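Asker:
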Amino acid sequence: MDSGRLIPAGSPVHEKMHSLSQEALRITMEINNVYHTREEIIRLMSQPTGRDIDESFGLFPPFYTIICN
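Going left to right, the sequence shown walks through residues 107 to 175 as this note's numbering numbers them.
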């Protein structure tokens with residue numbers, strides 16, 4: 107992903123990146139703005155990666171990330 111090459115706007119890669127980021131935003135808003143059981147939070151957190159989240163996982167919303175350079 108960090109090849110240094112530009113990704114042209116409207117290209118298939120750009121469209122996929124946009125789609126994935128919008129889905130991540132939707133999930134973040136769902137977690138942060140609606141009450142969920144622990145099981146529901148685990149299910150929501152597994153959606154962006156497509157992987158199972160261990161049942162010992164815990165999260166106290168609000169959920170956010172900080173991206174640093």
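Every residue, glycine too, gets a C-beta built ideally from N, C-alpha and C. It should be emphasised that the depicted structure is a prediction, and the values quoted were computed from it without experimental measurement.
Tell me the residue span of the alpha helix (DSSP H) that contains residue 115.
Answerer: That residue, residue 115, is in no alpha helix (DSSP H); it is neither H nor E in DSSP.
Asker: Using a Cβ-Cβ cut-off of 7 Å (strictly less than) and excluding sequence neighbours within five positions of residue 133, which residues of its own chain qualify?
Answerer: Excluding positions up to five away in sequence, the list reads 150, 153 and 154.
Asker: Helix, strand or coil for residue 134, going by three-state DSSP, please let me know.
Answerer: Note: residue 134 maps to helix in three-state DSSP.
Asker: Taking the alpha helix (DSSP H) that residue 144 falls in, what are its first and last residues?
Answerer: Segment 144–152, the alpha helix (DSSP H) holding residue 144.
Asker: Quick test of the definition: if touching needs 3 or more C-beta pairs under 8 Å, does the stretch 110–118 touch the stretch 130–146?
Answerer: In short, these stretches do not touch, since the Cβ pair count stays below three.
Asker: Note down, in chain order, each residue of its chain lying with its Cβ closer than 7 Å to the Cβ of residue 159, except the 5 sequence neighbours on either side.
Answerer: If we look at residue 159 and ignore the five residues flanking it on each side, its Cβ neighbours are 148, 151 and 152.
Asker: Note down, in chain order, each residue of its chain lying with its Cβ closer than 8 Å to the Cβ of residue 129, except the 5 sequence neighbours on either side.
Answerer: The answer, listed in chain order, is 153 and 154.
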